[in-house]
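Notes follow the structure.
In the working numbering, the protein residues as written are 316 to 707.
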């Protein structure tokens, strides 16, 4: 199915769904128009540009008094280096670039991606969700090791995490929340090796409880046996946030695979950090540290591939609010072991309600040319991005 036919199908779907729930349908979304200019490094071109037009459209409709339907899809048109960025984002999401059906135009490539398609049923005793849905865990603001089923991508902070095919049921004993869930295997996108025998299915339980001082979440996930883990894989997570003078957060995930025979420390991914506001809330600061075990869920050596190659990382961010409509920020991702850094400076201004402009500059730095965030590794000495965003 080509891009134009796919668009037609989506809009026909929206039109057909409109009569549902007494025509009580809400359509919202955002549109980003982005231009990027970069000075290349290493084997990359000395100069490159990228243009991307991106829309995320969301549908929500109530069905009776207890049920609700959600849908969302992305429309993308890109040219220049933005296509390379799309390929990198797909690789980091553990799917091949071919999984996004880019169609070539005269001077651009375009794609459409279904992002969400699920229903939710609420009752006094239990809340049930099933379909192509988000399934989020942990309180980590940056790295979030517990949030591994459809993880965020730290190097692409604006990207919405992909959903998963799954189902969950939430119960609320006393002040706690207990969630039982199941998620399909991750190999569904690989058409050459579609997993239809049930290897790699994930089943789990999480429990949350809130107090005046903060919250705790415990997580257990069992992954059914497959070739890399013939005895199955067990994952245990713990996440904590505390609201004291500082906002403190701790998030950790331990993965046990009997067949791997790893040292326990290699199977741990753990982050800890804080955030704090001062100057009457005008200055906001955030810092978080990640320990990345060599075989942990966030490591590149893990299956599926993670994001990082080393063990120790730090992220820090400072944001100053000039007004309710204007702010500036400086952030930096640092690889401690190889002394490589990825600083980003940005300026945000809301032109009017629903429309904003963001200017950002990224300039990789490292002592060694082989550092993880070195210009030669990242393929650029400098990158400047302008983004206009409209929300509706």
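A virtual CB, placed ideally from N, CA and C, is assigned to each residue, including glycine.
Do residue j and residue i count as a contact pair if the criterion is CB distance below 8 Å?
i	j	result
residue 531	residue 494	no
residue 394	residue 418	no
residue 479	residue 465	yes
residue 654	residue 681	yes
residue 364	residue 438	no
residue 679	residue 668	no
residue 534	residue 552	yes
residue 666	residue 346	no
residue 490	residue 442	no
residue 637	residue 600	no
residue 550	residue 536	yes
residue 593	residue 635	no
residue 501	residue 481	no
residue 612	residue 496	no
residue 616	residue 572	no
On the DSSP letters alone, give me the boundaries of the beta strand (DSSP E) that residue i sits inside.
i	result
residue 539	Counting along the chain, residue 539 falls outside any beta strand (DSSP E), and DSSP gives it neither H nor E.
residue 662	655-667
residue 363	362-378
residue 603	598-607
residue 288	Not covered by the structure: residue 288. The range shown for the chain is 316 to 707.
residue 457	It is not in any beta strand (DSSP E) - residue 457 carries neither H nor E in the DSSP assignment.
residue 342	340-355
residue 442	441-448
residue 567	562-571
residue 671	670-677
Taking DSSP as the reference, what is the three-state secondary structure of residue i?
i	result
residue 691	helix
residue 501	helix
residue 583	strand
residue 398	helix
residue 412	A caution first: residue 412 carries a pLDDT of 33, below 50, which makes its placement in the model too unreliable to give a value.
residue 630	strand
residue 525	strand
residue 488	coil
residue 513	coil
residue 435	strand
residue 468	coil
residue 589	strand
residue 650	strand
residue 613	coil
residue 703	strand
residue 682	coil
residue 392	strand
residue 576	coil
residue 519	strand
residue 383	strand
residue 697	strand
residue 478	coil
residue 640	coil
residue 496	strand
residue 594	coil
residue 336	Unreliable placement is indicated for residue 336, whose pLDDT of 43 sits below 50; no coordinate value is reported for it.
Out of the options, which has the shortest C-alpha to C-alpha gap to residue i?
i	options	result
residue 390	381, 353, 430, 377	430
residue 542	513, 485, 675	513
residue 589	348, 350, 455	455
residue 518	538, 534, 533, 525	538
residue 656	664, 687, 640	687
residue 446	566, 634, 484	484
residue 566	607, 575, 528, 598	607
residue 459	583, 424, 357	583
residue 558	350, 372, 528	528
residue 474	561, 371, 376, 580	371
residue 487	523, 697, 477, 355	523
residue 587	361, 453, 356	453
residue 353	340, 396, 339	396
residue 492	520, 482, 477	520
residue 477	461, 622, 444, 432	432
residue 568	461, 420, 581, 639	461
residue 671	362, 697, 639, 660	639
Assuming the contact rule is C-beta atoms closer than 8 Å, residue i and residue j should be a hit. Round their C-beta distance to whole Å, please.
i	j	result
residue 684	residue 691	5 Å
residue 434	residue 384	5 Å
residue 392	residue 368	5 Å
residue 647	residue 624	Going by Cβ atoms, the distance from residue 647 to residue 624 rounds to 18 Å, so no, they are not a contact pair.
residue 626	residue 603	Contact doesn't hold; Cβ gap of about 15 Å is too wide.
residue 649	residue 662	Not a contact, Cβ separation roughly 22 Å.
residue 374	residue 342	6 Å
residue 450	residue 387	With 8 Å as the limit, residue 450 and residue 387 do not qualify as a contact, their Cβ atoms being about 15 Å apart.
residue 700	residue 422	Rounded, the Cβ-Cβ distance is 20 Å, inconsistent with contact.
residue 645	residue 628	About 18 Å; that fails the 8 Å criterion.
Shorter than 7 Å, the distance from the beta carbon of residue i to the closest heavy atom of the ligand NAD, or not?
i	result
residue 635	With respect to the ligand NAD, the structure shown offers nothing to examine, as it has no ligands at all.
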